[in-house]
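Protein sequences, first through last, are from chains C and F.
The numbering of the first sequence is UniProt numbering, which starts it at 1 and goes up by one.
The numbering of the second sequence is UniProt numbering, which starts it at 1 and goes up by one.
For every residue, glycine included, the Cβ atom is placed at its ideal position computed from N, Cα and C.
Just so you know, these numbers come straight off a predicted model, no measurement behind them.
The structure appears below as structure tokens.
There are 2 protein chains.
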Amino acid sequence: MAEFDGFLPGPRLSRRLLLRSTAVAAGALTLAATVPAPRSSWPDGEGVRIAFLGFTGMTVLDLVGPWQVLRIADGTARLHVLAADSGLIRSDSAMGVEATATLAGTPGADVIVVAGAANPFPALRDRRNIDWLREHGPKARYLTSVCTGSLLLAEAGLLNGVPATTHWAFREELAARGAHLSTERVVRHGNVITAAGVSAGMDMALHLAAALWGQEAAMRAQALIEYAPEPPFAAGHPEQLPPALGAALRESMRTHVAKARHGQPHGL
Amino acid sequence: MAEFDGFLPGPRLSRRLLLRSTAVAAGALTLAATVPAPRSSWPDGEGVRIAFLGFTGMTVLDLVGPWQVLRIADGTARLHVLAADSGLIRSDSAMGVEATATLAGTPGADVIVVAGAANPFPALRDRRNIDWLREHGPKARYLTSVCTGSLLLAEAGLLNGVPATTHWAFREELAARGAHLSTERVVRHGNVITAAGVSAGMDMALHLAAALWGQEAAMRAQALIEYAPEPPFAAGHPEQLPPALGAALRESMRTHVAKARHGQPHGL
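Here is the structure:
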């Protein structure tokens, strides 16, 4: 079994790293048919420690998009999917993703990537998420988010007056938590990089990869995932939709957010 | 907990569907902290049955990109992550994703989405994948793939003479298996839709969503995942990279593919 790391061009990969990658791949094969116990600490190595903060109800592409970009961009990076609880993280589209460590068992990280959710309010009310971010966020080299993940950063007091973005349906929620609202797709302010809704996480991760490992590493990762997008429609924002459809979508999202905020399950 | 399905505009969601969605969400909450046993059959309902074929070493974004698009595009769709073995699917970037059913336990599907891998050769040699595709592929309403997933379709004899695409590094491998090689990002030929590398799966899924549920459903999904890409670099293909970097990447991938084909672990 190969990892994309395995075929990055030469100079970045020492023999030691190549050997380590092989060991990792062999371990992954052994684990394939079982659910491993969450690791409580970072894998050995000197690479950047990147913590992906997930939670029940997260949007799976928020997490997987940046994960894929960052994992390919540098073979030495050490990645964890963190969650308050161990086991599978059940996403808001029902897919289950493995949490590799719990928040309580994991010290800080060099880079934090916070996923979002169609309904972020339960995660916002879970103090384990917010307390972990409040403790470890200020010590991270980069603090990043995708979609409504920026609401968690803001709830932890990390975006006060900081220019930041989020999913278009949650802009007021972000502003209400003290951020300086931006409507850009990716917003960098110092070491804080936030992304708009769901798919914007890949764009964010390419910016982040360039910051961490240089532009060449980011460009190589982009070519390896063949990220030369050709969406069939100009429909990436409600204002690009046919007017009636755009208005209906905005309205249904307003209703959804209002109800979700007040704890009504499923936005009904 | 809300799912994106929960806030799609009115007319598509009957009261019955809304109630069903609520039940699904409640079930997901219950399962959140445990690893459920794979389901052996499709969830009840009349929606389109979409099978995502995964395997050890798959590229996780190949599967998650289309999953996210299709799950949001229609709240009635019934989605399975299938794999030859039950339990977690260990991807080529180490992330673990839950298989919800095994190939052996699952009858055909209306739509099949085959994920790819940095090293697809072990999956190509696993007859369980190929036999399942050979049996159920011809009966599917749509037969689709992402990245090197098209090699599996071709290996199963489903792309003989059919225009199809794959990751840029694996084009010769696809042609060698009988497909009519295309270098387009998304190629549709009748009911067969194939996508280029990794991130192209989202573009493919939007085409597929439009075919299944109409253009409005696809556009709404696109707006909900805010897919208005802004990659920071023009680097989606090797030919867009600075020449030396592009040449090095092509060369390392040629070496990787040659070694992987001959079963050397990890392309080393």
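Cross-strand partners of residue i (DSSP beta bridge)
i	result
residue 101 of chain C	C:82
residue 164 of chain C	C:181
residue 271 of chain C	Missing from the structure shown is residue 271 of chain C; chain C here goes from 1 to 268 and no further.
residue 111 of chain F	F:50 and F:142
residue 96 of chain C	C:90
residue 204 of chain F	According to DSSP, residue 204 of chain F bridges with nothing at all.
residue 117 of chain C	C:58
Distance, residue j Cα to residue i Cα
i	j	result
residue 181 of chain C	residue 169 of chain C	13 angstroms
residue 67 of chain F	residue 52 of chain F	8 angstroms
residue 160 of chain F	residue 133 of chain F	14 angstroms
residue 176 of chain F	residue 148 of chain F	13 angstroms
residue 107 of chain C	residue 101 of chain C	10 angstroms
residue 262 of chain C	residue 120 of chain C	12 angstroms
residue 190 of chain F	residue 257 of chain F	30 angstroms
residue 229 of chain F	residue 183 of chain C	14 angstroms
residue 113 of chain F	residue 142 of chain F	9 angstroms
residue 206 of chain F	residue 196 of chain F	14 angstroms
residue 123 of chain F	residue 89 of chain F	12 angstroms
residue 130 of chain C	residue 260 of chain F	44 angstroms
residue 172 of chain C	residue 44 of chain F	38 angstroms
residue 252 of chain F	residue 155 of chain C	45 angstroms
residue 231 of chain F	residue 87 of chain F	35 angstroms
residue 185 of chain C	residue 215 of chain F	24 angstroms
residue 162 of chain C	residue 194 of chain C	10 angstroms
residue 54 of chain C	residue 144 of chain C	13 angstroms
residue 118 of chain C	residue 92 of chain C	7 angstroms
residue 150 of chain C	residue 188 of chain C	12 angstroms
residue 95 of chain C	residue 60 of chain C	7 angstroms
residue 104 of chain F	residue 99 of chain C	27 angstroms
residue 135 of chain F	residue 49 of chain F	16 angstroms
residue 111 of chain F	residue 179 of chain F	20 angstroms
Chain F within 9 angstroms of residue i, Cβ atoms only
i	result
residue 126 of chain C	no
residue 235 of chain C	yes
residue 136 of chain C	no
residue 179 of chain C	no
residue 81 of chain C	yes
residue 14 of chain C	Note that residue 14 of chain C has pLDDT 34, beneath the 50 cutoff, so the model's placement of it is unreliable and the number below is only indicative. Judged by the 9 angstroms Cβ criterion, residue 14 of chain C is not in contact with chain F.
residue 93 of chain C	yes
residue 167 of chain C	yes
residue 228 of chain C	yes
residue 225 of chain C	yes
Any chain C beta carbon closer than 9 angstroms to residue i
i	result
residue 246 of chain F	yes
residue 175 of chain F	no
residue 96 of chain F	yes
residue 272 of chain F	Outside the displayed span of chain F (1 to 268) sits residue 272 of chain F, for which this structure offers no information.
residue 103 of chain F	no
residue 33 of chain F	Low per-residue confidence applies at residue 33 of chain F: pLDDT is 35, beneath 50, and the placement is therefore not dependable enough to give any value.
residue 100 of chain F	yes
residue 243 of chain F	no
residue 109 of chain F	no
residue 159 of chain F	no
residue 163 of chain F	no
residue 133 of chain F	no
residue 76 of chain F	no
Going along the chain, which residues of the segment 139-154 of chain F sit with their C-beta nearer than 7 angstroms to a C-beta in chain C? Listed by position along the chain: nothing, the set is empty.
The segment 185-198 of chain C: which residues have C-beta closer than 8 angstroms to a C-beta of chain F, in chain order? Only 185, 186, 196, 197 and 198 from the segment 185-198 of chain C bring a Cβ to less than 8 angstroms from some Cβ of chain F.
Cβ contact (3+ pairs, closer than 8 angstroms) linking the segment 71-78 of chain C and the segment 209-229 of chain C: yes
Select from the segment 195-222 of chain C all residues with a C-beta closer than 8 angstroms to any C-beta belonging to chain F, and list them in chain order. 196, 197, 198, 199, 200, 202, 203, 206, 207, 210, 215, 216, 218, 219, 220 and 222
Can you give me, in chain order, the residues of the segment 50-72 of chain C that have a beta carbon less than 8 angstroms from any beta carbon in chain B? You won't find chain B in this structure, because its protein chains are C and F.
Using 8 angstroms as the cut-off, can you tell me whether the segment 74-93 of chain F makes contact with the segment 244-254 of chain C, which would need three or more C-beta pairs spanning the two stretches below that distance? no
Pairs of beta-carbons, one from the segment 217-231 of chain F and one from the segment 229-243 of chain C, closer than 8 angstroms: are there three or more? yes
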